[in-house]
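Numbering of the sequence shown is given in the numbering used here, commencing with residue 12 and proceeding in unit increments.
For each residue, glycine too, the CB sits at the ideal point set by N, CA and C.
Worksheet for the structure shown next.
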Amino acid sequence: MKISLKFKLLTMLVGLSLAILLVYATIAQNDFREDKIAYVFEATLSKAQGTSTQLKSELDFNLDKIEFLLRGYNEHGFHSYSKGIFASEKNIDFVGVYKIDMRTNKYVTHNTLKNARTDGAFEKTYDEVIQTLCLEAEQNQISLRTIKASDSLWLFALRSVVNGQNAIIISLINNGHFLQDIQNPTLQDMYIVNQQAQILAGPQNKMYPEISDQTVEKAIEFSLSKLNSPQSVNEYKMSSDTLLLSTVKVGLGDLRIISVVPKSTALEALKALMIKSIVFLLFLIFLTIVIAILAANKLTASLKLLHQATTQVSQGDFNVNLKLNSNDEIGELSKSFNIMAGEINRLIIETAEKSRMEAELQTAQLVQSTLFPEPSFDFGPFSIRGYYQSASETGGDWYYYNQIQNKTYLWIGDATGHGVPAALVTSAARSAAKVLEQLPDLSSAQLMEILNKSIYESSKGKVLMTFFIGIFNNDTDELEYTNASHDPPLLIPYKDKVKRNHVIPLIDNQGPRLGEAIDSTYESTTITISKGERLVFYTDGVTELKNDQGEMWGEREFVNAIIKRNKDENLDDTMNALDEHIQQYRNGAPLEDDVTYFMFRNNP
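Structure (structure tokens):
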């Protein structure tokens with residue numbers, strides 16, 4: 012049965028679009044549900060945190076006042092000064108000191124402070140509440156209760172020691188800003204509870220009266236059992252609904268604030284969204300059908316012209332090898348497009364892979380550049396100048412210097428080969444050196460042994476590294492150094508005319524390369540660097556430098572180039588002259604190895 016191309020395109024476009032829209036609608040609904048719940052959790056938790064902060068602030072504020080009023084308290088009662096202060100107190104209406112009566116096992120009044128606003132029958136009216144508060148404060152240090160039918164009155168109980176005896180301080184506070192959010196909720200029902208899940212304060216007019224008190228109590232117990240941090244959010248499943256719970260520790264005593272919101276209420280907006288989504292989905296389906304019909308008509312009318320154009324492209328270097336059993340225009344079109352698509356795809360993959368590799372190498376080069384210090388450094392008695400050029404995007408050479416207290420640390424190393432593997436080893440060396448900087452009492456030999464273990468663990472013996480560590484004492488001009496098979500630095504004396512035999516290589520105590528064995532040991536040597544003398548540190552890439560004829564520069568020429576500029580007082584001139592000499596010798600020849608050197612001068 013022959014099916015027209017127009018029908019195929021129409022079916023494909025409509026079916027695909029419909030499937031995408033349905034999947035999108037499902038995903039959008041689920042995402043909205045999750046986002047809405049997350050938003051409610053965030054809003055309720057933020058509100059609970061704000062109320063918790065306000066509650067703690069008011070508790071701390073009144074606690075300071077109460078402690079102040081208790082100063083000078085004795086068996087006769089409050090100090091006269093405290094009574095005078097309390098007479099003008101506006102926030103606290105009552106302060107009572109309660110002690111346990113061993114005969115009745117009840118708390119009785121030891122002494123009180125009252126003002127004109129306190130009802131004379133206050134203690135009798137709230138005796139049961141006061142007894143409960145005393146017991147709770149005895150167990151939890153702090154407790155509180157709100158006064159029903161009041162937006163601002165609340166009782167505050169505090170366990171304390173008065174005159175060497177345990178006592179409970181009961182206070183009636185007439186100013187509680189946090190009560191507005193607790194008693195008159197606008198978004199969630201909030202409760203102040205203790206660790207035993209006892210409700211100390213709650214809303215007078217519940218935002219969600221359909222939730223029974225028994226359910227609230229069970230939800231509070233569940234939330235407290237899940238509280239392992241200063242705050243948490245949980246879902247408590249009931250038979251008909253789920254409660255969204257946000258819990259926050261107040262940070263004083265064992266007080267917690269818990270907010271309660273039904274999940275069904277939070278998702279009420281989802282119903283309206285579903286209706287709008289269905290209407291919008293039907294509109295999109297209708298629009299998709301119209302567009303699909305127009306597109307199918309246009310495509311079938313243009314296929315012959317498109318085929319002619321692709322045939323012209325296929326007459327180049329492309330070969331047609333795709334065979335499709337199709338009786339419509341797609342069969343002809345595929346023959347022209349197959350090779351072109353394959354070739355373009357191959358080129359795109361190759362280009363993308365090349366771009367990716369170049370980007371990664373550039374990133375590695377950028378990261379490695381951060382391992383090196385500033386090339387120029389001057390600090391009082393000495394100066395340092397450095398130079399580094401990699402033979403590829405990343406290299407295996409590394410040098411560094413840093414000053415800790417009265418010591419200057421000089422580091423230089425050369426990993427096997429160059430490129431990414433060697434660069435990774437230099438990165439490991441730099442990381443280890445960064446840690447070792449925090450251990451200024453270690454000798455150079457100890458530093459080298461620790462560094463060897465780090466390199467061995469990093470490369471597993473596959474990439475080795477020569478290394479030299481020098482520790483220059485700024486006070487004594489002494490250099491303690493350790494060498495791990497690295498090219499020995501050259502000590503250049505401070506003379507007008509320096510000959511080659513005056514140059515002293517630091518060749519004592521050559522140790523094994525880093526990474527050969529994890530238990531390699533090293534020895535250190537100490538020499539004096541006199542004023543005006545220079546140390547030249549370098550890697551083998553300098554002496555093994557080749558010109559465009561393949562001739563190696565060699566150590567002799569390198570030393571001669573340094574001696575010629577030894578008279579220069581300025582290290583910058585010496586470094587510039589040495590760099591110019593190297594570039595002239597290379598004559599544009601590519602580097603086969605990394606070139607690294609730096610100079611240290613003990614200024615006279």
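Going by DSSP, what residues sit across from residue i in a beta bridge?
i	result
P220	Looking at the DSSP assignment, P220 forms no beta bridge with any residue, so it has no partner.
S491	Residue identity differs from the one stated: residue 491 is Glu in this sequence, not Ser. The partner list for E491 (beta bridge, DSSP) reads I482, T537.
N177	V172
V547	L501, M610
L124	V106
T419	Q414, F483
L183	F105, L166
D408	D425
Q521	N494
Y202	I269
Leaving out five residues on either side along the sequence, give the residues of the same chain with a beta carbon under 8 Å from the beta carbon of residue i.
i	result
L281	Q40, F43, R44, K47
Could you say which of the options lies nearest to residue i if we only look at CA atoms?
i	options	result
R267	T276, F297, A212, Q225	A212
L502	S496, K510, F52	K510
K101	I141, L164, H87, M113	L164
N613	T607, Q595, T487	T487
Q142	Q595, N174, T120	T120
V301	D200, Q242, S28, D530	S28
T405	L435, Q416, G397, D104	L435
M249	F479, G543, E228	E228
R545	M610, E591, Y399, R82	M610
S251	V204, S223, D408	S223
I529	S465, P500, V553, A30	S465
S63	P241, I289, E78	P241
I415	Q449, K94, A178, L582	Q449
L166	V244, V172, N174, T157	T157
E232	L295, Q215, S257	S257
M23	T299, P500, S182	T299
S442	L453, I461, R576	I461
Can you name, in chain order, every residue of its own chain whose Cβ lies under 6 Å from the Cβ of residue i, other than the five neighbours on each side?
i	result
Y202	I210, G213, I269
K264	First, the amino acid is wrong: residue 264 is Gly here, not Lys. Within the same chain, G264 has close Cβ partners N151, Q152, I153.
T537	E489, E491
T253	E246, K274
I574	V509
L70	L263
L295	L32
Using three-state DSSP, classify residue i as helix, strand or coil.
i	result
L602	coil
T115	coil
H87	coil
L316	With a pLDDT of only 49 at L316, under 50, the local geometry of the prediction cannot be trusted, and no value is derived from it.
A402	coil
G61	helix
Y137	coil
L266	coil
Q560	coil
T532	coil
N413	strand
N73	helix
P386	coil
V324	Any reading at V324 must be qualified, since the residue scores a pLDDT of 49, below 50, and its modelled position is unreliable; no value is offered.
T253	strand
E246	strand
D452	coil
L278	coil
K510	coil
V261	coil
R44	helix
G26	helix
A212	strand
My guess is that residue i and residue j are in contact by the Cβ rule of under 8 Å, so how many angstroms apart are they, rounded?
i	j	result
A402	L602	4 Å
G522	M459	7 Å
V474	P504	Their Cβ separation, rounded to whole angstroms, is 37 Å, which puts V474 and P504 out of contact at 8 Å.
L235	L169	Not really, about 22 Å apart at Cβ, beyond 8 Å.
Y410	F393	With 8 Å as the limit, Y410 and F393 do not qualify as a contact, their Cβ atoms being about 16 Å apart.
V272	V51	6 Å
I423	T550	7 Å
F189	Q65	5 Å
What residues in its chain sit with their C-beta under 7 Å from that of residue i, if we drop five residues either side in the sequence?
i	result
L316	Unreliable positioning characterises L316 in this predicted model, as indicated by a pLDDT of 49, which lies under 50. The coordinate reading is nonetheless provided below. Answer for L316: no residue qualifies.
A320	Summary for A320: the model assigns pLDDT 48, below 50, so the residue's position carries little reliability; its value from the coordinates is reported in the next sentence. Excluding sequence neighbours, A320 sits near nothing in its chain.
L284	F43
A572	L589, H592
Quick one: is residue i near chain B, going by C-beta distance under 7 Å?
i	result
V272	In the structure shown, chain B does not exist; there is a single protein chain.
With a threshold of 6 Å, establish whether the CB of residue i neighbours any heavy atom of the ligand SAH.
i	result
V51	Summarising the ligand content, the structure contains no ligands, and the ligand SAH is consequently not present.
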